[in-house]
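The opening position of the sequence shown corresponds to residue 479 in our numbering, with each subsequent residue numbered one higher. Ideal Cβ positions, reconstructed from N, Cα and C, are used throughout, including at glycine. Taking it in order: structure first as structure tokens, then the write-up.
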Amino acid sequence: MTEIPVSAAANISNTPSLTDLSQRDKPWDKHRSNADKVSNYYAGSEFQEYSHRINDCSELLDFRLVPDADEGLMKLKLNSAKFCRVRHCPVCQWRRSLMWKAKAYKILPKIFVEYPTYRWLFVTLTVHNCQIRDLRKTLDWMHESFKRFTRLKDFPAIGWLKSTEVTRGKDGSAHPHFHCLFMVQPSYFGKNYLKQAEWVKLWKRCLRIDYNPVLDVQAIKKGNSPASLIPELLKYCTKESDLTVDREWFLELTRQLHKARTIASGGVLKDFLKDLEKEPEDLIGKDDEGEELVDEGHLYFGWKRREKKYKLID
Ligand SMILES: [Zn+2]
């Protein structure tokens, strides 16, 4: 009774995977597999509910077959899936980041039209690592310090986008830092120019500390768009490889980052970028290409936990 007929067994192993059929959908397996790890971390903790929700996240993917304009063939386009929207779900944070990036690429050209001569700086602001249990306190202090920074007479940006990243130190500490995009007056590169050491001095003053914080400033070449920086700015708050190292660290990260905001904008960019501060409603990417609604059929893929792969469902 329990024996599987040979032909059926062969069928199971020959079932094409999502990756077999669509190379560009390769990331799904990795993110969904990490979601299983994270769901296991939450199991038996005070976040049991997250464990269930992540477990059920995107178990079934419905793709439409649509003509591929570049290759002249067909490609798969996600049509529907159920997302859990738990903050640290690896699948959901990946989707969120994709949606934010798509939105940002659309908005940037509008900013250029309005501020054609302005220049862009990519600035990374850091402080010393802290204990993971002190993360919230440390972030509150950093956000306060950033506010002071933007109010300084010498603060050169008239608009900014700031994203918070927390990485895991090898010793289990937390390394919170800000990635910022600053829009500055063209005169910044003349009389208002700030040397690296002056940036450090200002950030130090706002933090009210006695050491020199590590700070990196890169200028985008004149006439160039900061679009290349968007992936760095709008990535996940904590990368998946850091989420899946240590259960205790991860649970504490969840407690410490509860309801913490990770993307913020200000100054003249606020009106353009404030949408990025919100959870995207759509995690599917319905309107990202404005493509015609040609529907050549659907393919469904189910998550196979043991194989760590999405496989085609008949
Ligand atoms: Zn999810």
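If I measure Cβ to Cβ from residue 609 and keep anything under 8 Å in the same chain, skipping five residues before and after, which residues do I get? Excluding positions up to five away in sequence, the list reads 651 and 652.
Quick check on the burial criterion: 16 or more other C-beta atoms within 10 angstroms. Buried or exposed for residue 775? So residue 775 counts as exposed.
Pair within 8 Å by beta-carbon distance, residue 723 and residue 646: At the C-beta level, residue 723 and residue 646 come within 8 Å of one another.
Neighbourhood of residue 690 by C-beta, 7 Å cutoff - its chain only, sequence neighbours within 5 removed: Cβ within range, chain order: 678 and 682.
When the Cα of residue 509 is compared with those of 787, 792 and 791, which residue comes out closest? Taking the Cα of residue 509 as reference, the smallest distance to any Cα among 787, 792 and 791 is reached at 787.
Same chain, Cβ closer than 8 Å to residue 757, neighbours up to 5 away in sequence not counted: Here the set comprises 563 and 574.
Between the segment 574-586 and the segment 701-718, do three or more beta carbon pairs fall short of 8 Å? Touching, per the Cβ criterion.
Can you tell me which of the three DSSP states residue 658 falls into? In the three-state reduction of the DSSP assignment, residue 658 falls in the strand class, which pools E and B.
Distance between residue 529 and residue 520 (C-alpha atoms, nearest Å): Residue 520 and residue 529 have their C-alpha atoms spaced approximately 5 Å apart.
Just the Cα atoms here: how many angstroms apart are residue 479 and residue 514? Low local confidence applies: a pLDDT of 42 at residue 479 is under 50, so the model's placement there is unreliable, with the coordinate-based value given in what follows. CA-CA distance, residue 479 to residue 514, rounds to 31 Å.
Between the segment 581-600 and the segment 660-674, do three or more beta carbon pairs fall short of 8 Å? With the cut-off at 8 Å, the segment 581-600 and the segment 660-674 touch.
Compute the distance between the beta-carbons of residue 496 and residue 779, then report whether it is under 8 Å. In this structure, residue 496 sits near residue 779, with a CB-CB distance shorter than 8 Å.
Given that a residue counts as buried once 16 or more other Cβ atoms are within 10 Å of its Cβ, and exposed if not, what is residue 606? By the neighbour-count rule (16 or more Cβ atoms within 10 Å), residue 606 is not buried but exposed.
Short of 8 Å in beta carbon distance, which residues of its chain neighbour residue 611, apart from the five on each side in sequence? Order them along the chain. The answer, listed in chain order, is 730 and 734.
Would you mind sorting residue 654 into buried or exposed? The rule is 16 or more other CB atoms within 10 Å of its CB. Looking at its Cβ environment, which holds 16 or more other Cβ atoms inside 10 Å, residue 654 is buried.
Express the C-alpha separation of residue 702 and residue 590 in angstroms, rounding to a whole number. Computed Cα separation, rounded: 10 Å.
Can you grab the Cα-Cα spacing for the pair residue 790 / residue 557, in whole Å? When rounded, the distance between both Cα atoms is 15 Å.
Residue 516, enclosing beta strand (DSSP E) - first and last residue: Where residue 516 is concerned, there is no enclosing beta strand (DSSP E), although the alpha helix (DSSP H) it sits in stretches over 505-520.
Can you tell me the Cα-Cα spacing of residue 536 and residue 560, whole angstroms? If you take the alpha carbons of residue 536 and residue 560, they lie about 5 Å apart.
Using three-state DSSP, classify residue 636 as helix, strand or coil. Here residue 636 carries a strand assignment [DSSP, helix/strand/coil].
Nearest neighbour of residue 565, chosen from 584, 516 and 555 [CA to CA]: Considering only 584, 516 and 555, the residue with the shortest C-alpha distance to residue 565 is 516.
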